[in-house]
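So the protein sequences, as listed, match chains F, B and V. Take this note's numbering: the final residue in the first sequence is number 586, and no numbers are missing along the way. Take this note's numbering: the final residue in the second sequence is number 265, and no numbers are missing along the way. Take this note's numbering: the final residue in the third sequence is number 346, and no numbers are missing along the way. The C-beta atom is built at its ideal place from N, Cα and C for all residues, glycine as well.
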Amino acid sequence: MTAAMGNRNVKIAIFLVGLFIVAILPLFFNESSGFIDDCTLALAYIVMALGLNIIVGFAGLLDLGYVAFFAIGAYTMGWFASGFYAEADIHVFVGEFASSIPGIHVNFLIVLIIAAAFTTLAGIVIGLPTLRLRGDYIAIVTLAFGEIIHRIAINGDEVQIAEGFPLTNGRQGITPVDKIDLPFIEPFTSLNLRPWYWVALALALFVLFVNFRLRDSRLGRAWIALREDEVAAISMGIPAVKTKLLAYGTGAAFGGMSGAFLASYLNTVNADQFAFSFSIFVLAMVILGGLGSIWGVVLGAVALTFINYRLIPDVLNDVPNKVGLDFDLSELSFGIFGFLLVIMMVLRPEGLIPERRRQMELEQGIGTGDTELDLVEP
Amino acid sequence: MTDASPDLILDARDVSKVFGGLTAVGGVNFGIPRGGIVSLIGPNGAGKTTFFNMLTGLYKPTTGRIVFDEKAITGGRPDKIMALGIARTFQNIRLFGTMSARENVMVGEHARMRAGLFGSILRTPRVRREERHVSDKAAEELAYVGLPPNTFDQLAINLSYGDQRRVEIARALASDPKLLLLDEPTAGMNPQESDELTALMHRLRDERGLTILLIEHDMKVVMGVSEYITVLDHGEKIAEGLPEQVRNDDRVIEAYLGKGAVHE
Amino acid sequence: MEAASLPAAKPKALRVVQDWLSKYGLIVVLLAMPVYYGIQDLSDEGDLSRLGGNIVDGLSNGSIWALVAIGYTLVYGIIELINFAHGDVFMIGSFTAAGFFGTIGLTAGMGIPGLALGLFLTLLVCMLTTGALNVMIERVAYRPLRGAPVLAPLITAVGFSFILQNVGLLWRGGSQEGIGDLINSQNTLFTITGVEITNGDLLAMGTTIPLVILMVMFITRSRLGKAMRATAQDPEAARLMGINVDTTISLTFLLGGMLAGAAGLIYALYQTTIWYAQGFTAGLIAFTAAVMGGIGNIKGAVLGGLIIGIIQQIADNRIGTEWTPAIVFAYLVLIMVFKPSGLLGEQTREAG
């Protein structure tokens, strides 16, 4: 027992040291350095990947339409914190600059909560009818929902909620979006990226905390039970749809929060951001790191962010040209992610940092589906 | 078990299940007296497990109605039926493979727990207390069914076959059921383990007032433990009564020796 | 009877309505669009020729989807996997066709015999390419994962879809590419009651119908086809009966891939525009068709393909092409949620 306690203390100490280093990291770089930019993106993607991890890793629901929650979160920021609805004149707890321009301008923290609420609601609306289906059907239905949201985003400029209030701004994007402006702190700017980094870090820590707490809880047990043997789980009193919905809704909320943050950080809400390939980008982070493995997913998110935004476009972009091929590596980016998915699933399905249970399930074929008792009754 | 019988904990009437034209269970009437130990027997493919699955909500009956403890449960959801007080084990053990014995039993207590999403995230004192309580109760149940204490925190799939059966029973008991359904609990057990299980069933009834329904192939166990026996063949009830009566029933002998002799 | 405690059963009328809805609800939903616009046409223009035109175009498009949908349904029938890369295999079929046209120098001015021969050669090349590709994908990405959790091969399928899209991107660039209108596809051959039948319509239906008939005959009559059906029913039993399950599965992928290749060629000729991303949408549309018809059922896939083609054409023509994918995907969601067994779906394997 004391050994275990000691082990735990060591872990906490390592975590705190690591956290300290991560927290002071921006101070060693220029205020507007590209590295801090990449790190901030990586943190925002950690939030998404950990959100998706609750859905795919914990509850075992393959969601191929996670981009829908990114979109809804981002649009929430676009609707409630930009000059997009210039005919309205609503200002709620915002700084001097935002107060002086037309449009709906609501404080970042409030929008963050609204975004979480909207995406949770969307998660429930999507999940309620679909989560009774078998796993592969869930995957396709969520994909279809993701595509529907994408199409609505593209064509939403034709849809008027009210006169002068189109749903989206299509491919042109809603831009600019309000920068974060918190009480007692200087308004954020695009010249100093450090505060953005710290906000993203705070969000990531929050999601990390929720992931750990949920994993070791009554709900966490119920998710494992459902994904390993749904028949036994429901026979033991676990309500399947409700329990899955809790995972789906929670994961959705984090996707929405990260989306809202990114809208403000990237200063645009553009329909082209919400393509299917983004869902796969986030899924690849979870698979690379290890399904259900919290630290693995963090690693996966950081790795793929840097591969996508640094390694491929900057460092390795010329490699094909150097070996005599007529294309840039950046053209290959989603092929690379596809390749990564195949390679990981075939060679190391448990990911870089395997989660103990998931590894057992994969090695011993636990939860390989149930042909003996078919629950899909006519 | 006639209609006049006043205290049935479970009363199934005219229950049938048809799969794409094939009748697995056809119009069975079946009652279990409160506090009884009742067996459902019959050759393989007689529809016993299908009947179990209808009682626990995994299948919706094609016709008929099922009343448990004065509440209609026909076609209800498995988790709700479980919460009302019917718990079960499975013919081919279905423990959660990556969980320890204790965690498996804790899943059985799911329906009795309160911790929700926010409680779990915040880990409030109430949630902590509940987790501790549930963990202790799981250990109690495991001890009650006779699992050696040093195996409580081992992975369930690493336990011996007999111990896995015990964990499954403990998991069912964890929900404080009124009616316990055991699907071939002694399958694969040696005679000594079977005897222990028989004793356990008596204890469950006597000490906890549980009603037990079991599907069983081992006639020694069936005759030793049952107060009442119902025999299914080809989805229909062909006999029922006291062990003595069933043992000497011509149709039962025919069902078993005629066609069923090949199956054990 | 101590029936006092029993709650009242559902009112009979409600049950009847429910039964009716589960039987015919999907058909009603599918008929909604044609009937609505048919009535509109009748009141606006006095005849149904516009709707008729939609339906003919829809059937042509739909026959392409039907060919792709059969590939989904065959594979799902045998290994219960949604072969997500299938739409991109279809795209590779189109690209192969476009490439081969150039190789053999096929042009519209060649005269009918030369053109017919050239197209037939192209058809063979496309079918062999995509058939082989599909077999390779199964070998590399799905076979190692047999026995793994269901979602593992689905993830590799998505991965392969991306790889193929990237192959397409590198092969012919990132923008929509017009290819020569070899068959003069919009040329009206003849008109029936105001509805124009074009070269393209004839080609699409004229290729699809024989291919589907051949396919059905192969599966129902030949030994290999019987092995496929046996494996689909029960792989374990099939193995015990001496059927080589691996070979049978490879064969299934071969057939599915070949049909996708044929569809790719027809698509290229009919639409005269190809694009590396065409496979993604096409794949989802064809999958919708397969589910609509009842996955695992070949006739269902054809029926679903034709219906979805008509829906798509009506949506294109009346609502706007930019909304069509959203409408088709909405159908996909509705069907999967409310009638996952589809129109002609067989009940899933059941044990008592």
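With distances taken from CA atoms, which of the options is nearest residue i?
i	options	result
Ile106(V)	Ile321(V), Asn193(V) and Gly298(V)	Asn193(V)
Gly58(B)	Gly32(B), Ala88(B), Gln246(B) and Ser227(B)	Ala88(B)
Ala188(B)	Leu215(B), Leu148(B) and Val146(B)	Leu215(B)
Pro310(F)	Glu295(F), Cys247(F), Tyr253(F) and Val225(F)	Glu295(F)
Gly273(V)	Gln34(V), Phe84(V) and Val11(V)	Phe84(V)
Gly336(V)	Val285(V), Ser37(V) and Leu25(V)	Val285(V)
Phe396(F)	Val302(F), Ala347(F), Met444(F) and Ala324(F)	Val302(F)
Asp271(F)	Arg379(F), Ser501(F) and Ala347(F)	Ala347(F)
Lys227(V)	Leu68(V), Gly108(V), Trp59(V) and Ile58(V)	Reading off the sequence, residue 227(V) comes out as Gln, not Lys. For the residues Leu68(V), Gly108(V), Trp59(V) and Ile58(V), the minimum Cα distance to Gln227(V) belongs to Leu68(V).
Asn191(B)	Gly117(B), Val128(B) and Tyr162(B)	Tyr162(B)
Ala276(V)	Thr328(F), Asn261(F), Ala352(F) and Ala279(F)	Ala352(F)
Ser169(V)	Asn160(V), Asp175(V) and Leu176(V)	Asn160(V)
Met377(V)	Leu249(V), Leu208(V) and Ile203(V)	What the structure shows of chain V is the stretch from -5 to 346, and residue 377(V) is not part of that stretch, so it cannot be assessed.
Ser136(B)	Thr50(B), Arg172(B) and Gly147(B)	Arg172(B)
Let me confirm a value: residue i is counted as buried when at least 16 other C-beta atoms fall within 10 Å, else exposed. Which label applies?
i	result
Thr75(B)	buried
Gln193(B)	exposed
Pro147(V)	buried
Asp437(F)	buried
Leu233(B)	buried
Ile170(B)	buried
Asp80(B)	buried
Tyr30(V)	exposed
Ser501(F)	buried
His358(F)	buried
Asp41(V)	exposed
Need the endpoints of the alpha helix (DSSP H) that residue i sits in, please.
i	result
Gln265(V)	Val239 to Gln265
Arg172(B)	Tyr162 to Leu174
Tyr405(F)	Arg402 to Arg423
His358(F)	Gly343 to Asn363
Ile74(B)	Ile74(B) -> no alpha helix (DSSP H), and no H or E assigned at all.
Could you list which residues in chain F have their beta carbon closer than 8 Å to that of residue i, in chain order?
i	result
Phe281(V)	Ile348
Ser96(V)	Note on identity: in this sequence residue 96(V) is Gly, with Ser being the wrong assignment. Within 8 Å Cβ-Cβ: nothing; Gly96(V) doesn't reach chain F, min ~18 Å.
Ser121(B)	Arg421, Leu422, Ser425, Arg426, Leu427 and Gly428
Ala84(B)	Gly445
Asp15(B)	Ordered by position in chain F, no residue passes the 8 Å Cβ test against Asp15(B), which lies about 20 Å from the chain.
Val108(B)	Arg429, Ala430, Ala433, Ala441, Met444 and Ile446
Met114(B)	Arg426
Leu234(V)	Going along chain F, no residue has its Cβ under 8 Å from Leu234(V), so there is no contact; the nearest lies around 16 Å.
I want to verify the contact list: residues of chain F whose CB lies under 7 Å from the CB of residue i, in sequence order.
i	result
His111(B)	Arg426, Ala430, Met444, Gly445 and Ile446
Trp59(V)	The contacting residues do not exist; Trp59(V) stays about 16 Å from chain F at best.
Ala324(V)	Ile356
Ile73(V)	Correct list: empty, because the minimum Cβ distance to chain F is about 11 Å.
Arg172(B)	Met444
Could you tell me which chain V residues have their CB closer than 8 Å to the CB of residue i, listed as they occur along the chain?
i	result
Thr338(F)	Val327, Met330 and Val331
Leu341(F)	Met330, Val331 and Pro334
Got a sec: does the ligand GDP put a non-hydrogen atom nearer than 8 Å to the Cβ of residue i?
i	result
Asp41(V)	Ligands in the displayed structure: none, and consequently the ligand GDP is not present.
Could you spell out where the beta strand (DSSP E) holding residue i opens and where it closes?
i	result
Ala135(V)	Here Ala135(V) belongs to no beta strand (DSSP E), and DSSP marks it neither H nor E.
Ile298(F)	Asp297 to Val300
Phe236(F)	It is not in any beta strand (DSSP E) - Phe236(F) carries neither H nor E in the DSSP assignment.
Glu237(B)	Glu237 to Gly242
Asp184(B)	Leu180 to Asp184
Strictly below 9 Å CB to CB, what residues from chain V border residue i?
i	result
Pro557(F)	Leu139, Ala142, Pro143, Ala146 and Ile149
Met553(F)	Ala135, Pro138, Leu139, Ala142, Ala146, Pro147, Ile149, Thr150 and Gly153
Glu438(F)	Within 9 Å Cβ-Cβ: nothing; Glu438(F) doesn't reach chain V, min ~12 Å.
Would you mind telling me which residues of chain B sit closer than 7 Å to residue i, beta carbon to beta carbon, in chain order?
i	result
Ile574(F)	Gly98 and Thr99
Determine the chain F residues that contact residue i at a beta-carbon separation under 9 Å, and present them in chain order.
i	result
Glu316(V)	Arg359, Ile362, Asn363 and Glu366
Asn160(V)	Glu539, Leu540, Ser541, Phe542, Gly543, Ile544, Gly546 and Phe547
Name, please, each residue of chain B whose Cβ falls closer than 9 Å to the Cβ of residue i.
i	result
Met568(F)	Gly98, Thr99, Leu156 and Ile158
**Q.** Segment contact flag, the stretch 44 to 51 of chain V with the stretch 313 to 330 of chain V, C-beta cutoff 8 Å, min 3 pairs
**A.** Segments in contact, no.
Q | Touching by the beta-carbon criterion (3+ pairs, under 8 Å), the stretch 309 to 327 of chain F and the stretch 380 to 397 of chain F | A | They touch, by the three-pair rule.
Q: Could you tell me whether the stretch 109 to 125 of chain V touches the stretch 254 to 265 of chain V, using the rule of 3 or more Cβ pairs below 8 Å?
A: Result yes; three or more Cβ-Cβ pairs closer than 8 Å.
Q: Determine, using beta-carbon pairs with one atom in the stretch 49 to 67 of chain B and one in the stretch 523 to 541 of chain F, whether at least three such pairs fall under 8 Å.
A: Verdict: no, contact absent.
(Q) Across the stretch 206 to 223 of chain B and the stretch 32 to 44 of chain B, are there enough close Cβ pairs to call them in contact, namely three or more that are closer than 8 Å? (A) The answer is yes - the stretch 32 to 44 of chain B touches the stretch 206 to 223 of chain B, with three or more Cβ pairs under 8 Å.
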